[in-house]
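One rule links them: number in the numbering used here = place in the sequence shown (from 1) + 40. Note that CB positions come from ideal geometry on N, CA and C, so glycine has one too. To start, the structure under review is shown below, and the notes come after it.
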Amino acid sequence: MNSIRKPAAAGASSRLTFMPAAQTPPASERKWYKGNLHTHTINSDGDSAPDAVARWYKEHHYNFLVLSDHDFVTPIEGLSSIFAAEDRFLLISGEEISPEIGNKPIHVNGLDIHRTIAPIVGASVVDTLQRNVDAVRAAGGTPSLNHPNFRWAVTPAEMGQIHGLKLFEVYNGHRGTNDAGGGGFPSLEEMWDAVLSAGREVYGIAVDDAHKFKVFGPEYSNPGRGWVSVKASELSTEAILSSLNSGEFYASTGVVLENVSRLPNELRVYLEEDEEDRGEEYTTEFIGQGGRLLSKSFDNPAVYTLKPGDTYVRAKVTSSNAAYAWVQPVFAGAAASR
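Below, the structure written as structure tokens:
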């Protein structure tokens with residue numbers, strides 16, 4: 041096995057981009073918080089009550105959770121009085137706004153919204169998506185595009201036209217969301233690179249989209265399959281959403297990172313030290329314009345410095361046990377358009 045060496049100065053250069061220096065606490069004051077941004081209860085099409093869902097995530101050592109029922113904001117005040125704990129567990133209000141145009145589900149999560157937003161159907165896919173993103177922003181929330189390949193609803197060209205959209209699901213744990221693409225349709229990763237290559241600043245999240253908490257198996261939409269790990273100054277709604285909006289996080293299906301350093305024109309990925317000696321091996325791929333593989337590394341940390349002609353670089357870490365982590369892009373020069 042590779043011996044994972046913990047760098048002596050792992051935290052020394054971990055200041056991330058897209059945050060004003062005055063608002064960015066020292067690395068020693070920021071922590072990684074694990075959370076799920078998309079899940080369901082019996083208030084829409086889940087099989088369990090909100091308290092059972094919150095309990096599952098807290099007992100499985102998540103730090104924050106968004107309850108995103110279809111077209112309904114599940115109240116979190118009572119749940120928070122039971123489950124919330126300072127710097128340990130946080131509930132964030134949300135909704136999966138679920139319009140359809142034709143047979144295409146254009147679903148948008150509204151993170152940190154506190155009133156139900158009725159789905160808006162526009163004149164086209166782009167118009168529908170933009171109107172619902174705008175509605176989330178108007179309500180003071182953060183929008184995220186859900187499962188764009190579900191019934192092949194949203195193309196890369198359509199997603200690339202949306203303003204005010206910073207988050208989309210590069211991984212969805214539901215078994216019907218066609219993450220890998222096929223039949224001429226791009227995978228969610230290929231979609232991400234197409235949008236980034238067009239100059240849009242979009243970050244990829246991983247989510248459960250869990251509906252089933254009472255029965256488990258590969259055929260069910262169960263919890264625990266995809267999450268985000270967010271680097272923030274504290275476990276609060278404001279801090280978590282600020283980090284999500286500025287790319288200070290990675291998405292994962294099982295790979296845990298020690299740290300990520302997104303400096304101007306450089307990306308560093310630190311793997312977590314293998315304290316249990318599981319013999320797991322890791323490959324870090326650095327990916328750029330057009331989805332092109334820029335570099336492959338087996339080192340810890342894995343480092344890529346942007347070269348002339350590079351417009352952005354993102355990273356994907358793959359474990360020998362087929363788990364993944366996706367690290368948010370660094371852009372050459374000025375940030376991409378919003």
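Check whether the Cβ atoms of D350 and A372 sit closer than 8 Å, and answer yes or no. On the sequence shown, residue 350 is found 310 positions in, with the first residue counted as 1. On the sequence shown, residue 372 is found 332 positions in, with the first residue counted as 1. Yes, Cβ-Cβ distance for D350 and A372 is below 8 Å.
Report buried or exposed for H203, applying the criterion of at least 16 other Cβ atoms within 10 angstroms of its Cβ. Translated into the one-based positions of the sequence shown, residue 203 becomes position 163. So H203 counts as exposed.
Pair every Cβ in the stretch 250-262 with every Cβ in the stretch 78-94, then say whether three or more of these pairs are closer than 8 Å. yes
Near R177, which residues of its chain fall below 6 Å by C-beta distance, leaving aside the five closest residues on each side in sequence? Position 137 of the sequence shown, counted from the first residue, corresponds to residue 177. G204.
Check each candidate in A197, V343, G180, V370 and name the one with the smallest Cα separation from V235. Reading the sequence shown from its first residue, position 195 is the one you call residue 235. Nearest C-alpha to V235: A197.
For Q368 and R70, what's the separation of their Cα atoms in angstroms? The sequence position of residue 368 within the sequence shown is 328, counting from 1. The sequence position of residue 70 within the sequence shown is 30, counting from 1. Going by the C-alpha atoms only, they are around 18 Å apart.
Reference W192, options D233, H214, S184, G222, closest by Cα: Your numbering for residue 192 matches position 152 in the sequence shown. Minimum Cα distance to W192 is reached at G222.
Assign N83 to one of three DSSP states: helix, strand, or coil. On the sequence shown, residue 83 is found 43 positions in, with the first residue counted as 1. In the three-state reduction of the DSSP assignment, N83 falls in the coil class.
Curious, which full-length beta strand (DSSP E) runs of at least 3 residues does the stretch 253-313 contain? The stretch 253-313 contains these whole beta strand (DSSP E) runs: 267-272, 289-292, 297-303, 306-311.
contact_flag[the stretch 295-304, the stretch 245-259] where n(CB pairs < 8 Å) is 3 or more: Touching, no, given that fewer than three Cβ pairs across the two stretches are closer than 8 Å.
List, from N- to C-terminal side, the beta strand (DSSP E) runs of 3 residues or more that fit wholly inside the stretch 133-186. 148-151, 182-185
What first and last residue would you give for the alpha helix (DSSP H) that runs through A365? Within the sequence shown, residue 365 is the residue found at index 325, counting from 1. From DSSP, A365 is part of no alpha helix (DSSP H) but of the beta strand (DSSP E) over 364-371.
Would you kindly work out how many angstroms separate the C-alpha atoms of Q170 and R240, rounded to a whole number? For the purposes of this step, residue 170 is taken as residue 130 along the sequence shown, with counting starting at 1. For the purposes of this step, residue 240 is taken as residue 200 along the sequence shown, with counting starting at 1. Straight-line spacing of the CA atoms in Q170 and R240 works out to 15 Å.
Considering only residues of the same chain and omitting the five flanking positions on each side of K206, which have a CB-CB separation below 7 Å? Here the question's residue 206 lines up with position 166 in the sequence shown. Within the same chain, K206 has close Cβ partners E241, V242, Y243, N285.
What span of residues does the beta strand (DSSP E) with E325 cover, start to end? Here the question's residue 325 lines up with position 285 in the sequence shown. Element bounds for E325: 322-328.
Among residues of its own chain, excluding the 5 on either side of S184, which ones have a beta-carbon nearer than 6 Å to its beta-carbon? Along the sequence shown, one-based indexing puts residue 184 at 144. Same-chain partners within the cutoff: N149, L207.
For S121, which beta-bridge partners are listed by DSSP? Taking the sequence shown and counting its residues from 1, one reaches residue 121 at position 81. Answer is none; S121 lacks a bridge partner.
With H, G and I counted as helix, E and B as strand and the rest as coil, what does DSSP make of N361? Against the sequence shown, residue 361 aligns to sequence position 321. In the structure shown, N361 sits in coil (DSSP, three-state: anything other than H, G, I, E or B).
Does K336 pass the burial test, meaning 16 or more other C-beta atoms within 10 Å, or should it be called exposed? For the purposes of this step, residue 336 is taken as residue 296 along the sequence shown, with counting starting at 1. So K336 counts as exposed.
Look up V113 in the DSSP assignment and say whether it is helix, strand or coil. As a working mapping, residue 113 is identified with position 73 in the sequence shown. Reduced to three states, the DSSP call for V113 is coil.
Restricting to Cα atoms, I'd like to know which of G319, V173, G257, E312 is closest to P341. If you number the sequence shown from 1, residue 341 lands on position 301. For the residues G319, V173, G257, E312, the minimum Cα distance to P341 belongs to E312.
Opposing strand residues paired with V106 [DSSP bridges]: Along the sequence shown, one-based indexing puts residue 106 at 66. Answer is I132.
Measuring alpha carbon to alpha carbon, tell me which residue in A363, E229, Y344 is nearest Y322. Residue 322 sits at position 282 when you count from the first residue of the sequence shown. That would be A363, whose Cα lies nearest to the Cα of Y322.
Using the Cα positions of R332 and R354, report the straight-line distance between them to the nearest angstrom. Here residue 332 is taken as the residue at index 292 of the sequence shown, counted from 1. Here residue 354 is taken as the residue at index 314 of the sequence shown, counted from 1. Looking at the two C-alpha atoms, the distance is approximately 11 Å.
Note down, in chain order, each residue of its chain lying with its Cβ closer than 6 Å to the Cβ of I116, except the 5 sequence neighbours on either side. Mapped onto the sequence shown, residue 116 falls at position 76. Answer for I116: L131, S133, listed in chain order.
Rounded to whole angstroms, what's the CA-CA distance from A175 to I157? Just pull it up for me. By one-based count along the sequence shown, residue 175 stands at place 135. By one-based count along the sequence shown, residue 157 stands at place 117. The straight-line gap from Cα to Cα measures roughly 7 Å.
Please classify A365: is it buried, with 16 or more other beta-carbons within 10 angstroms of its beta-carbon, or exposed? Residue mapping note: residue 365 aligns to position 325 of the sequence shown, counting from 1. By the 16-neighbour rule on beta-carbons within 10 angstroms, A365 is buried.
Between N361 and G319, what straight-line distance do the alpha-carbon atoms span, to the nearest angstrom? Position 321 of the sequence shown, counted from the start, is the residue given in the question as residue 361. Position 279 of the sequence shown, counted from the start, is the residue given in the question as residue 319. N361 and G319: Cα-Cα distance of roughly 10 Å.
Please go through the same chain and pick out, in chain order, the residues whose beta-carbon is closer than 6 Å to the beta-carbon of G162, but skip the five residues on each side of it. Position 122 of the sequence shown, counted from the start, is the residue given in the question as residue 162. In its chain, beyond the 5 residues on either side, T168, R171 have a beta carbon closer than 6 Å to the beta carbon of G162.
Rounded to whole angstroms, what is the Cα-Cα separation between Y310 and T324? Working through the sequence shown from its first residue, we reach residue 310 at position 270. Working through the sequence shown from its first residue, we reach residue 324 at position 284. Approximately 10 Å, taken between the alpha carbons.
Quick check: the Cα distance between E274 and R128, rounded to an integer number of angstroms? Mapped onto the sequence shown, residue 274 falls at position 234. Mapped onto the sequence shown, residue 128 falls at position 88. Pairing E274 with R128, the inter-Cα distance amounts to about 10 Å.
So does N172 have its beta carbon nearer than 7 Å to some heavy atom of the ligand GTP? With respect to small molecules bound, the structure shown includes none, and the ligand GTP cannot be examined in it.
Name the DSSP beta bridge partners of R191, please? Looking up residue 191 in the sequence shown gives position 151. DSSP output for R191 lists no bridge partner at all.
V93 - containing alpha helix (DSSP H), residue span: Taking the sequence shown and counting its residues from 1, the one referred to as residue 93 is at position 53. Looking at the DSSP string, the run of the alpha helix (DSSP H) that includes V93 is 90-99.
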